[in-house]
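Residue numbers (my numbering), protein chains in the order written: chain A, 280 to 557; chain B, 206 to 521.
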Amino acid sequence: MNRKQRKKTAINLLIALAALAILVVELYPIGITFINGFRRDLVILSGRPFALSQLTLRSYELIFKNPGFLLGLRNSILVGLLATAVSVVVGSMASYAISRYRFRGRNALAYGFLVFRMLPQVSLVIALYLMFKAVHLRDTILGLTLSYASFNVPYVIWMLLPFFTAIDRSYEEAAMVDGCTPLMIFRIVFLPLAAPGLVVSAVFAFINSWNEFLYALILTGVNAKTAPIAINGLIGGDTLTWGQACAAGTIMLVPVFIFTVAMQRFLVRGISAGGVKG
Amino acid sequence: MRYSPKPATEGARTATRRRGARRLAAPLFFLAPSLLVVFAVLVFPILFSLFVSTFDWPLSAGGGDRRFIGMGNYVELSVSPEFWNSLKLQLGFIFIALPVELLFGYVAALLLNREFFGARVVRTLLLLPVFFLPIISGMTWRFMLQPRYGPLNALLLKLGAPEVTWLSDPTFAYLAVVAQDIWRMWPFMFMILYAGLTNIPNELLEAAQIDGAGFWRKQRSLIVPLMTPTILTALLLRIIDALRIFSEVYVMTEGGPGDATQLFSLFTNRVAFGYGKVGLASAMAIFLLALSILFATTLVRKNMSLDVLEEKAGGR
């Protein structure tokens, strides 16, 4: 028995070591971004990727004085919050209708939303560009928010469905007996019960917008460009400013890091859109 | 407006139909905003792309320069070597990256499906690359592959090997783009497969153990068959995702050198906004759209279900 236990411990130790090795490889590219943000460009360009000499906050100072990045960061936050708000309001209403009412075309509609969620952005961006140009929505926060709603609304609908279907109907039935209208039932009774689901889908919608690049690249120019576009500008030029680019990248990664750790229970659901069989 | 909390029995469904429009009012009210959004930024752009794809439509020109050419753009695509090249690169990308990701993900899921010291932390941290901003991933890889000072070449030089100018060589640049995706996305496979593995009932595994089944035997006759639906779901999700890859590659190579990493989205983008041929690019957009819808409907039909959600909810 004792020997068996020792063997088990040994195996677990081996696996922990293997896991550590995998983690080192997987996290190295993230680590190098983080570290480069604190290294002088000269050290970065010296070809000693593991040297940790002369660490400095200079890149952060520069990036926080860089008007292009600051504007981008502001826009990223603004568009992220707006797109999240729109998609949670619109999406929760739709998700409520699908989970609580039986109507003709209900299935087709629900699966339609799911398919819409998976369409490639490049297939839509050309038409959106022409449309937005015609109605002067190009390079505006409103236009970019709308384009982000195109993937976030269907996304939120399906993120919310499992939360919504799990809520017991007796509360709503009681409210109905009390003579509440459907909208009152939805707002006063249902939404508070669904609060955890709303928070989770809001966070996912924000991260979707935060990480988006193609729409921002094509649909914005000067005024509404987001932080990823600003970072792309930093590494696209002739002068090599890896330090600043990595500092900016690290700033962008902070919400992503918090998200991954805080949302780990919901990550599988988040990437597989819920309702997966088996 | 009447509110109906009844479950979707056949009776309720016919009742809905009989009472007609009055019963439809409440769901329509809740659905209206989303239908509006979906029409404005999804349905209309798709129809508009279809329309534009039948025109010779220059990006910068006024309305007078547009010319209706019917299927002309689609015909032009079918004989364009650049189009076939980007399609070949795109499919190659999927056929190389996805099997490797599946293999890594599966092995890691088997390996990490047990409790050891720090297991939870490892499983969480592994997922960081999946949610890593695609453009930062592209940027980091571009940095790692730089000649002279990039970590990979610095390592090669230290080992006495000749350095490789990864991103200026067509073959290496393509492989680098594939490697970047493998690095980023195998934990995605891991995540879904791990969730699937933990759903296998313990009794089944114990029964196999008692029957004296070894590792391979257990894999072949028990775990792999049980995991097949999960594996298919994961693959379909990845195919749909890989079909629209853009940002990482755009930041890493911008499709170059030459057109060596000109994957489908990058080429479409270049045709539209580089060459200014909006009509031709719209035809490509429609082609990719059709392909994606094909895979997405397969996935939705086979692997996703409203009823499953409701059953799970009912069981709670």
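Heads up, the beta-carbon is just placed ideally off N, CA and C, and yes, glycines get one too.
| Query | Result |
| --- | --- |
| Between the Cα of B:L303 and the Cα atoms of B:A231, B:L410, B:L442, which residue gives the shortest distance? | B:L442 |
| Have a look at A:G359 and A:N291 and give me their C-alpha separation to the nearest angstrom. | 42 Å |
| Does any CB atom of chain A fall closer than 9 Å to the CB of B:L282? | no |
| Suppose the cutoff is 7 Å on Cβ atoms and the five residues either side in sequence are ignored; what does the same chain contact list for A:L423 look like? | V358, Y494, A495, L498, T499, A503 |
| Below 9 Å between beta carbons: does that hold for B:G327 and B:L317? | The sequence given here places Val at residue 327 of chain B; Gly does not occur at that position. A contact, by the Cβ cut-off of 9 Å. |
| Leaving out five residues on either side along the sequence, give the residues of the same chain with a beta carbon under 7 Å from the beta carbon of A:P346. | none |
| How about A:L470 and A:S402: are their beta carbons less than 9 Å apart? | no |
| Give the interface partners of A:I405 over in chain B, defined as CB-CB distance under 8 Å, in chain order. | S254, V257, T473, A477, V483, A486, S487, A490 |
| Got a sec, what are the start and stop residues for the alpha helix (DSSP H) A:V365 sits in? | 346-379 |
| Could you pull the start and end residues of the alpha helix (DSSP H) that A:D320 belongs to? | 320-323 |
| Please state whether DSSP places B:D261 in a helix, a strand or coil. | strand |
| Can you list the residues of chain B that A:L440 reaches, using a CB-CB cut of under 7 Å? | L514 |
| Quick one, which residues of the segment 442-461 of chain B are near chain A if we go by CB-CB under 7 Å, in chain order? | L442, I445, L448, R449, F451, S452, V456 |
| Can you have a look at B:N474 and say buried or exposed, based on whether 16 or more other CB atoms are within 10 angstroms of its CB? | buried |
| Listed in chain order, which residues of the segment 381-404 of chain A have Cβ atoms closer than 9 Å to some Cβ of chain B? | R381, F382, R383, R385, N386, L388, A389, Y390, G391, F392, L393, V394, F395, R396, M397, L398, P399, Q400, V401, S402, L403, V404 |
| Name the DSSP bridge partner or partners of B:F273? | B:F260 |
| Mind checking if B:T345 is an interface residue toward chain A, Cβ cutoff 9 Å exclusive? | yes |
| Go through its chain and collect everything with a Cβ distance to B:K423's Cβ below 7 Å, but skip five positions before and after it. | A413 |
| At what residues does the alpha helix (DSSP H) containing A:C525 begin and finish? | 521-541 |
| For A:M455, which of helix, strand or coil comes out of DSSP? | helix |
| Can you tell me which residues form a DSSP beta bridge with B:K482? | B:P263 |
| Run through chain A and tell me which residues come within less than 8 Å of B:M396, C-beta to C-beta. | L546, V547, I550 |
| Pop quiz: A:V547 and B:M509 are said to be a contact at Cβ under 8 Å. What is the actual Cβ separation, rounded to whole angstroms? | Going by Cβ atoms, the distance from A:V547 to B:M509 rounds to 14 Å, so no, they are not a contact pair. |
| For B:W522, count the other beta carbons within 10 Å of its own beta carbon; 16 or more makes it buried, fewer makes it exposed. Which is it? | Residue coverage of chain B in this structure runs from 206 to 521, which leaves residue 522 of chain B outside it and unanswerable. |
| My output table needs one value for B:L514: the three-state DSSP class, helix, strand or coil. | helix |
| Is B:Y354 helix, strand or coil when you go by DSSP? | coil |
| Taking 9 Å as the CB-CB limit, is B:N358 close to chain A? | yes |
| Based on Cα-Cα distance, which residue from B:S291, B:I491, B:A324, B:R271 lies nearest to B:Q467? | B:S291 |
| With burial defined as no fewer than 16 other Cβ atoms inside 10 Å of the residue's Cβ, what is the status of A:T444: buried or exposed? | buried |
| Short check: CB of A:I510 to CB of B:I450, under 9 Å? | no |
| Mind pulling the chain A residues with CB within less than 7 Å of B:R353? | G326 |
| Could you confirm whether any beta carbon from chain A is found closer than 9 Å to the beta carbon of B:P367? | no |
| If the cut is a Cβ gap below 7 Å, which residues of chain B does A:Q543 touch? | T329 |
| Report the CB separation of A:E451 from A:I464 in whole angstroms; it is logged as a contact under 8 Å. | 5 Å |
| If you count every other CB in all the chains shown that lies within 10 Å of the CB of A:V555, and 16 or more means buried, which is it? | Confidence in A:V555 is poor, its pLDDT being 46 and thus under 50, which makes the residue's placement unreliable; the coordinate value appears in the next sentence. Buried: at least 16 other Cβ atoms inside 10 Å. |
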